[in-house]
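Colleague: Residues in the sequence shown are numbered consecutively from 1407, following our numbering. Glycine included, each C-beta is placed from N, C-alpha and C at the ideal position.
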Amino acid sequence: MASTRRPIIAGNWKMFKTTGEAVAFTEALWQKVQPRANANLPEIVLCPPYTALSAVQESAAKLQAPFITAAQNMEGRDNGAYTGEISPLMLLDLGVRWVVIGHSERRQYYAETDETVTLKTLAALRHGLTPIICVGESLQERENGLTDRVIEQQVRAVLAQLSAAELPKVVFAYEPVWAIGTGKVCEAPEANRVCALIRHFISEYGNAEQTRILYGGSVKPDNTSALMSQSDIDGGLVGGASLEADSFFGIIEQACLVKA
Ligand code: PGA
């Protein structure tokens, strides 16, 4: 039976784009997407830096473009003396409804752990935000045959704290660290194997059929079709190729063709 999960193509801009550049991108992307707006579009998620969230949100609203804006991170607590942090309430205040949690760059450079990822996920759900929870093994872990164990630990840390009713409300992204920003894409069957493994872990906590699982790591227009044809890959979390409207649209287009 074909999956009823709506695909997601998310662009993670990381620490790129001023507000002016972000608005120009949003307009350029909409010019390309609009002629297809009645077709079976994936959910299109834009993850600008905090400083451009409002501008993208307002630009999409003005254009009546169905783009979802997501933050790239947030603090798990509602408020307090946490200099430099942004809370879920502040995201809601801007109209933001999605948030990326536990990206490997956050885990690697900002000491995020499975514990902080879980706290942030619970905070997101408490406030009605959709979390995109990132998991993935390093090159060394893969070479040492630890991939499945690492993924299991990262995924179960979060799953253990969720209710069955919350399972369809979260999105997972399998992002092997060695494939991020390196041009080395994980082969589609292997990416699918790990995504299916994540789905298997979810199934131990309730119904796993509604939960969307994305692949991320050097997704480009020319490998999207192979990745999106897989049974357990419901979309992509795209870094580098999401910075130009042409290449990001190329990915959206390929996703439409495969999952139509
Ligand atoms: P990449 O980044 O597409 O540039 O590999 C993916 C990500 O970090 O989400």
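Once DSSP output is grouped into helix, strand and coil, what is the label at Ala1467?
Modeller: Here residue 1467 corresponds to residue number 61 of the sequence shown, with the count starting at 1. Here Ala1467 sits in helix by DSSP.
Colleague: Got a sec? Which residues, its chain only, sit under 6 Å from Ala1614 by beta carbon, not counting five neighbours each side?
Modeller: Translated into the one-based positions of the sequence shown, residue 1614 becomes position 208. Excluding residues within five positions, the ones whose Cβ falls inside 6 Å are Arg1605, Ile1608.
Colleague: Taking the straight line between their C-alpha atoms, what separation do you get for Ser1510 and Gly1645?
Modeller: To locate residue 1510, count along the sequence shown from 1; it is residue 104. To locate residue 1645, count along the sequence shown from 1; it is residue 239. If I take the Cα positions, the gap works out to 12 Å.
Colleague: When the Cα atoms are used, what is the spatial distance from Gln1478 to Ala1416?
Modeller: Translated into the one-based positions of the sequence shown, residue 1478 becomes position 72. Translated into the one-based positions of the sequence shown, residue 1416 becomes position 10. In a straight line, the C-alpha of Gln1478 is about 11 Å away from that of Ala1416.
Colleague: Are Val1600 and Ile1538 closer than 8 Å when you measure CB to CB?
Modeller: To locate residue 1600, count along the sequence shown from 1; it is residue 194. To locate residue 1538, count along the sequence shown from 1; it is residue 132. No, the Cβ-Cβ distance between Val1600 and Ile1538 is not below 8 Å.
Colleague: Using the DSSP secondary-structure output, state which residues sit across from Trp1504 in a beta bridge.
Modeller: Position 98 of the sequence shown, counted from the first residue, corresponds to residue 1504. Ala1476, Thr1536.
Colleague: Considering only residues of the same chain and omitting the five flanking positions on each side of Trp1436, which have a CB-CB separation below 6 Å?
Modeller: As a position in the sequence shown, residue 1436 is number 30, starting the count at 1. Cβ neighbours of Trp1436 beyond the five flanking positions: Leu1469, Ala1471.
Colleague: Going by DSSP, what residues sit across from Ile1450 in a beta bridge?
Modeller: Stepping through the sequence shown from its first residue, residue 1450 is reached at position 44. Answer is Ile1415, Phe1473.
Colleague: The ligand PGA and Gly1587: does the residue's C-beta get closer than 7 Å to at least one heavy atom of that ligand?
Modeller: On the sequence shown, residue 1587 is found 181 positions in, with the first residue counted as 1. Yes, the beta carbon of Gly1587 sits closer than 7 Å to at least one heavy atom of the ligand PGA.
Colleague: Does the Cβ of Asn1418 lie closer than 7 Å to at least one heavy atom of the ligand PGA?
Modeller: Sequence index remark: in the sequence shown, residue 1418 carries index 12 (1-based). Flag set: Cβ of Asn1418 near the ligand PGA.
Colleague: Taking just the CA atoms, how far does Cys1453 sit from Thr1522?
Modeller: What you label residue 1522 is simply residue 116 of the sequence shown in a count that begins at 1. What you label residue 1453 is simply residue 47 of the sequence shown in a count that begins at 1. Straight-line Cα distance between these residues: approximately 20 Å.
Colleague: With a threshold of 7 Å, establish whether the CB of Val1625 neighbours any heavy atom of the ligand PGA.
Modeller: The residue labelled residue 1625 in the question sits at position 219 within the sequence shown. Yes, Cβ of Val1625 sits closer than 7 Å to a heavy atom of the ligand PGA.
Colleague: Candidates Glu1558, Val1505, Glu1464, Lys1626: which alpha carbon is nearest Ala1602's?
Modeller: Reading the sequence shown from its first residue, position 196 is the one you call residue 1602. If we check each option's Cα against that of Ala1602, Glu1558 comes out closest.
Colleague: Looking only at its chain, what residues have a beta carbon closer than 6 Å to the beta carbon of Met1407, apart from the 5 residues adjacent to it on each side?
Modeller: In the sequence shown, the residue the question calls residue 1407 occupies position 1. Annotation note: pLDDT 43 at Met1407 (below 50); position unreliable, no value reported.
Colleague: If you count every other CB in all the chains shown that lies within 10 Å of the CB of Leu1348, and 16 or more means buried, which is it?
Modeller: Residue coverage of the chain in this structure runs from 1407 to 1666, which leaves residue 1348 outside it and unanswerable.
Colleague: For Leu1643, write down the residues that DSSP places opposite it in a beta bridge.
Modeller: As a first step, residue 1643 must be located in the sequence shown, where it is residue number 237. DSSP lists Ala1416, Gly1622 as partners of Leu1643.
Colleague: Any chance the CB of Leu1366 is under 7 Å from a heavy atom of the ligand PGA?
Modeller: The requested residue 1366 is not part of the displayed model; the chain covers only 1407 to 1666.
Colleague: To which residues does DSSP link Val1577 through a beta bridge?
Modeller: What you label residue 1577 is simply residue 171 of the sequence shown in a count that begins at 1. Val1577 pairs with Ile1538, Arg1618.
Colleague: Using 8 Å for Cβ pairs, my map puts Pro1441 next to Trp1419. What's the rounded Cβ distance?
Modeller: In the sequence shown, counting from the first residue as 1, residue 1441 sits at position 35. In the sequence shown, counting from the first residue as 1, residue 1419 sits at position 13. Contact flag wrong, Cβ pair sits at about 24 Å.
Colleague: Between Pro1413 and Met1634, is the Cβ-Cβ spacing less than 8 Å?
Modeller: By 1-based counting over the sequence shown, the position of residue 1413 is 7. By 1-based counting over the sequence shown, the position of residue 1634 is 228. Yes, the Cβ-Cβ distance between Pro1413 and Met1634 is below 8 Å.
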